[in-house]
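Student: Numbering (this note's numbering), first residue to last: 213 to 622. Just so you know, even glycine gets a beta-carbon here, dropped at the ideal spot from N, CA and C.
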């Protein structure tokens, strides 16, 4: 952590609120947006009394859990293909054109909002370097604390080391960022050791702990808390994140023979193509013990009801399953990166999840696993899940010692 705060809260004008901006590039799935939204909600509800601007490339969920201190700025959307290439999601623009547009929108928003804290999710320079101008501006101004937030696992060390070197990420961290937060527990994965960060980079790293997804229930709107109509019996829930690349798992689950006295629910996700959602509904039309939901704005209420879960292995989905200590089978994505595979393997070694490699995914394999006796994993006795409590304290500590002591005592 920086030894000296770069801007004291006492320097704020009387009555002026702290300003925090969060950026996520959001090119595939809902994970980055949901992570940033939860962090923003926790910051807005803390003793920091901050106004928060969320800058995101994902329009979905903008109104989920709205807090009066949070405003949203949605960027023209990017899309990442299964091969890892970027392109405009909706607009008929070249990649250079849409990146330039997004870059200008971000810089203008930051220049006018003048945040005291800028939290960047996962990509040090933003998608295709779209944060470069903004980071240079903030460095020249010298009044904003810049923080890079990383999920617990990024990819294999060789891929990260090669890719980070290619785009000069370590140089960006040295030049622009005051701290690097890892939203995880080194018991699972030690980024500093695995990716062999240089000492000056390692000194900026702080493991916040995982983000307890049970807190999402506190921020949901009343109409989102309506109970799902379920018959009696055990509930098996199939989660595929945003659904953009989850059709194989969802389709396999739909073809799986469920044990007696078990009903299944597939949450398709808003990014699953319409024809695939329709295909799933055709699979389940003649099966009274199985149903498909297109989209639930806050899935944690459904997850809370589940007895057992089959899911892909994205950061948010996995954190949700672990937070509620649900017996689970993780079927990770293995392309274009192996992040989900590594996470599932590490958690399986700790006895917190079961894992099935996607190459071995069949209805028979799922049916066999669902028929086994489910054991509740002791997650909160094993892993650190205090990230949402620590993040406001970390902000206060870096800005003002007095406020930090107040937060520690509260």
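1. Have a look at 260, 259 and 255 and flag the residue whose alpha-carbon is nearest the alpha-carbon of residue 673.
2. CA-CA distance, residue 377 and residue 291?
3. With DSSP run on the structure shown, which of helix, strand or coil describes residue 465?
4. Return the first residue and the last residue of the alpha helix (DSSP H) that residue 579 is part of.
5. By alpha-carbon positions, which one of 468, 298, 475 and 528 ends up nearest to residue 338?
6. Across the region 360-372 and the region 393-408, are there enough close Cβ pairs to call them in contact, namely three or more that are closer than 8 Å?
7. How close, in whole Å, do the beta carbons of residue 525 and residue 481 come, if the pair is a contact with beta carbons under 8 Å?
8. How many angstroms separate the CA atom of residue 549 from the CA atom of residue 367?
9. Have a look at 527, 534 and 383 and flag the residue whose alpha-carbon is nearest the alpha-carbon of residue 515.
10. State the start and end residues of the unbroken alpha helix (DSSP H) segment that holds residue 263.
11. Report yes if the CB atom of residue 522 is closer than 8 Å to the CB atom of residue 479, and no otherwise.
12. Let me confirm a value: residue 552 is counted as buried when at least 16 other C-beta atoms fall within 10 Å, else exposed. Which label applies?
13. Given this structure, state the Cα-to-Cα distance separating residue 285 from residue 576, to the nearest angstrom.
14. With distances taken between CB atoms, is the gap from residue 210 to residue 582 smaller than 8 Å?
15. Note down the Cα distance separating residue 589 from residue 536, rounded to an integer number of angstroms.
16. How would you write the range of the alpha helix (DSSP H) that residue 513 sits in, first residue to last?
17. Who are the near neighbours of residue 282 in its chain, counting only those whose CB is closer than 6 Å to its CB and skipping five residues on each side?
18. Hey, which unbroken runs of the beta strand (DSSP E) at 3 residues or more fall wholly within the region 309-334?
19. So residue 604 and residue 258 are in contact, right, with Cβ under 8 Å, and what is the actual spacing, rounded?
Tutor: In brief:
1. Any property of residue 673 remains undetermined from this structure, which presents the chain solely from 213 to 622.
2. For the purposes of this step, residue 377 is identified with residue 165 of the chain shown, where counting begins at 1. For the purposes of this step, residue 291 is identified with residue 79 of the chain shown, where counting begins at 1. Between residue 377 and residue 291, the C-alpha separation is close to 23 Å.
3. What you label residue 465 is simply residue 253 of the chain shown in a count that begins at 1. It is helical.
4. Translated into the one-based positions of the chain shown, residue 579 becomes position 367. First-last of the alpha helix (DSSP H) with residue 579: 575-582.
5. Position 126 of the chain shown, counted from the first residue, corresponds to residue 338. The shortest CA-to-CA distance from residue 338 to any of 468, 298, 475 and 528 is the one to 298.
6. Flag = yes, the region 360-372 and the region 393-408 touch.
7. Your numbering for residue 525 matches position 313 in the chain shown. Your numbering for residue 481 matches position 269 in the chain shown. About 15 Å separates the beta carbon of residue 525 from that of residue 481, a gap too long to meet the 8 Å contact definition.
8. For the purposes of this step, residue 549 is taken as the residue at position 337 of the chain shown. For the purposes of this step, residue 367 is taken as the residue at position 155 of the chain shown. Using only the alpha carbons, I get a separation of about 6 Å.
9. The count along the chain shown starts at 1 and reaches residue 515 at position 303. Comparing C-alpha distances from residue 515 to each of 527, 534 and 383 shows the shortest one belongs to 534.
10. Here the question's residue 263 lines up with position 51 in the chain shown. Per DSSP, residue 263 belongs to no alpha helix (DSSP H); it is in the beta strand (DSSP E), 262-268.
11. Taking the chain shown and counting its residues from 1, the one referred to as residue 522 is at position 310. Taking the chain shown and counting its residues from 1, the one referred to as residue 479 is at position 267. Contact: no.
12. Position 340 of the chain shown holds residue 552. Of the residues assessed, residue 552 falls on the buried side of the cut-off, its CB having 16 or more other CB atoms within 10 angstroms.
13. Residue numbering aside, residue 285 sits at position 73 when the chain shown is read from its first letter. Residue numbering aside, residue 576 sits at position 364 when the chain shown is read from its first letter. Cα to Cα, the separation comes out at about 45 Å.
14. Limits of the chain in this structure are 213 at one end and 622 at the other, which puts residue 210 out of reach.
15. Locating residue 589 in the chain shown gives position 377, where the first residue counts as 1. Locating residue 536 in the chain shown gives position 324, where the first residue counts as 1. Spanning the two alpha carbons is a distance of roughly 9 Å.
16. Along the chain shown, one-based indexing puts residue 513 at 301. From DSSP, the alpha helix (DSSP H) with residue 513 extends over 512-517.
17. Start at 1 with the first residue of the chain shown, and residue 282 comes out as number 70. 252, 256 and 264, listed in sequence order.
18. Fully contained in the region 309-334 are the following beta strand (DSSP E) runs of length 3 or more, in chain order: 329-333.
19. Within the chain shown, numbered from 1, the residue matching residue 604 stands at position 392. Within the chain shown, numbered from 1, the residue matching residue 258 stands at position 46. 4 Å between Cβ atoms; contact.
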